[in-house]
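Each step along the sequence shown adds one to the number in the working numbering, with nothing skipped, and position 236 is 241.
Inspection log for the structure reproduced underneath, given as structure tokens.
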Amino acid sequence: MIELPARRSRRGLGRAAWNGVQLVFTLAWTAGWISLASLVRLLTRGQRWPLRMASRCWAPGLLRGAGARLRIEGLERVDWSRPCVLVANHQSIIDVCALFRAVPVPLRFVLKQEMTKVPLVGWYARRMGMVFIERGVARSAPQRLREAVDLVRGGAILCAFPEGTRSRDGHVGPFKGGVLQVAIEAGVPVVPVALRGSGAVLPAAGFRVRPGTIDVRIGAPIPTAGLASDERNALARRARAAVVHLLHPPTA
């Protein structure tokens, strides 16, 4: 059956209108929960409850609004009572929601420095102890590294996207070694996490939401005991290989 141009045009307009509604919902939902979490932060003088609100309220609401369903595998492989560094592939901004929802403990993310300029989001992220990196400014790297190491040594679970940018075709790019050095210096394991399907729900370019399933696959922790800082790139390659293996497991 051939679809008439007028019908295709109406369908396209309908999708555009619906995406507009979803964008407004996303902004309003995020602003509302950030405001409430900020109030809780002031009242409790802590970060744990506001981060719990992100995982139990903010992230699930955006996932449901996008029509996204999560399938989570491998939680039992990790001792979530101990600090670690999660490294995941990156396809979409909705990856943050998927990870907040999938991991059963509060997360701190490694974010680009530009996020500090985003209204409300930057303020919230700073107050919640997120780690910021400034690309292309080498002199800021040692200080950021020390801050991240201290955060993890203090018991935090840090999450990063070592590719540095979102993939537009699903290919997993090379992992940068900075966050792996954090794991080595903090003496904590690296946990590979594979995200599949998020790019189809919300592509890297534009704001075009489509319902779908997002798979979150958590791999076995990679120990860092005995590793030196100059071995971070080898560790990055090993972590990337583990993520790729989770994305494309060998068939029986």
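Using N, Cα and C, we set each Cβ at its ideal position, and we do this for glycine too.
Cβ distance (whole Å) where residue i is taken to contact residue j below 8 Å
i	j	result
M133	L232	Not a contact, Cβ separation roughly 29 Å.
L156	V136	7 Å
V248	I223	About 10 Å separates the two Cβ atoms, so there is no contact after all.
L163	L91	7 Å
A161	P65	Their Cβ separation, rounded to whole angstroms, is 22 Å, which puts A161 and P65 out of contact at 8 Å.
R131	Q186	Actually they are not in contact, since the Cβ atoms of R131 and Q186 sit about 22 Å apart, beyond 8 Å.
Proximal residues to residue i (C-beta, below 6 Å), its chain only, five neighbours per side dropped
i	result
Y129	I39
E168	H95, G178
D100	L200, S203
G211	none
P216	G72
W258	Here the chain has residues from 6 to 257 only, and residue 258 is not among them.
M6	For M6, the predicted structure reports a pLDDT of 48, less than 50, and the residue's modelled location is therefore unreliable. The matter cannot be settled from this model.
A143	Annotation note: pLDDT 45 at A143 (below 50); position unreliable, no value reported.
Proximity of residue i and residue j at Cβ, strictly below 9 Å
i	j	result
V221	L200	yes
A73	I219	yes
L68	W34	no
R61	Q52	no
L125	A36	yes
G192	A230	yes
F30	G79	no
Residue-chain proximity (residue i, chain B), Cβ-Cβ < 9 Å
i	result
R173	Here there is only one protein chain, and chain B is not present.
Own chain, CB closer than 8 Å to residue i, minus 5 neighbours either side, in chain order
i	result
I227	P194, V195, V196, P197, L240, R243, A244, A247
G127	M120, T121
Residues near residue i by beta carbon distance below 7 Å, same chain, minus five either side
i	result
A107	L75, I77, V221
R20	none
C102	A64, L67, L68
N24	F212, R213, V214
Residue ranges of each beta strand (DSSP E) within the stretch 85-124, 3 or longer: 90-93, 113-117
At least three beta-carbon pairs within less than 8 Å, the stretch 112-123 to the stretch 192-211: no
Completely contained beta strand (DSSP E) runs for the stretch 186-254, where each covers 3 or more residues: 195-201, 217-223
contact_flag[the stretch 147-162, the stretch 172-180] where n(CB pairs < 8 Å) is 3 or more: no
Cβ contact (3+ pairs, closer than 8 Å) linking the stretch 247-255 and the stretch 95-114: no
Given 8 Å, three or more beta-carbon pairs between the stretch 178-186 and the stretch 239-249: yes
Ranges of the alpha helix (DSSP H) found wholly within the stretch 130-170, counting only runs of at least 4: 146-158
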